[in-house]
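Start counting the sequence shown at 424; every next residue gets the next number (the working numbering).
Where is the CB? At the ideal position from N, CA and C, for every residue including glycine.
The structure presented is a predicted model; accordingly, all values stated were derived computationally and were not measured.
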Amino acid sequence: MQKDDTNDLSSEEIEQLADFDADISPDEIKRLEEAAATRERLHQHKLCLVAMSSSAEMLKEIRRNSPQEFDAMLEMVNAFQDYAKSVAELSQKALYRMLVIGSLTDEEIER
Numbered sequence: 424m425q426k427d428d429t430n431d432l433s434s435e436e437i438e439q440l441a442d443f444d445a446d447i448s449p450d451e452i453k454r455l456e457e458a459a460a461t462r463e464r465l466h467q468h469k470l471c472l473v474a475m476s477s478s479a480e481m482l483k484e485i486r487r488n489s490p491q492e493f494d495a496m497l498e499m500v501n502a503f504q505d506y507a508k509s510v511a512e513l514s515q516k517a518l519y520r521m522l523v524i525g526s527l528t529d530e531e532i533e534r
């Protein structure tokens with residue numbers, strides 16, 4: 424079992440951390456899943472990939488020749504970054520919860 428982020432904690436501290444309630448309701452799960460699966464989110468993701476696969480010259484050309492499209496792309500990439508930050512935060516919290524529970528001994532699980 425992985426204990427990377429809990430190595431510095433005592434058994435008592437881990438047991439205290441292992442006493443938590445659900446942070447997300449079923450309705451929130453549905454909302455988050457729907458937000459992840461929209462066409463707009465997919466488009467934002469694709470535009471991030473376009474930006475990453477473009478050279479500086481290519482992006483300059485888009486900005487020079489199509490400033491409105493460039494601004495729209497910039498807005499979409501920025502929106503995707505905000506979304507990605509929230510997903511990263513969510514996954515970090517979920518991982519920590521799993522690590523805490525994974526750090527419990529069999530005896531501690533049964534208490």
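At which residues does the alpha helix (DSSP H) containing residue i begin and terminate?
i           : result
residue 474 : 462-475
residue 501 : 490-526
residue 444 : Taken as a continuous stretch (DSSP letters only), residue 444 belongs to no alpha helix (DSSP H), as it is neither H nor E.
residue 529 : 529-533
Tell me whether residue i is buried or exposed, calling it buried when 16 or more other Cβ atoms sit within 10 Å of its Cβ.
i           : result
residue 510 : exposed
residue 481 : exposed
residue 499 : buried
residue 526 : buried
residue 448 : exposed
residue 467 : buried
residue 496 : buried
- Item | the segment 516-531 in contact with the segment 439-446 per 3-pair CB rule at 8 Å | Judged by Cβ distances under 8 Å, the segment 516-531 makes contact with the segment 439-446, as three or more pairs qualify.
- Query: For the segment 460-473 against the segment 500-507, are there 3 or more C-beta pairs whose distance is under 8 Å?
  - Reply: yes
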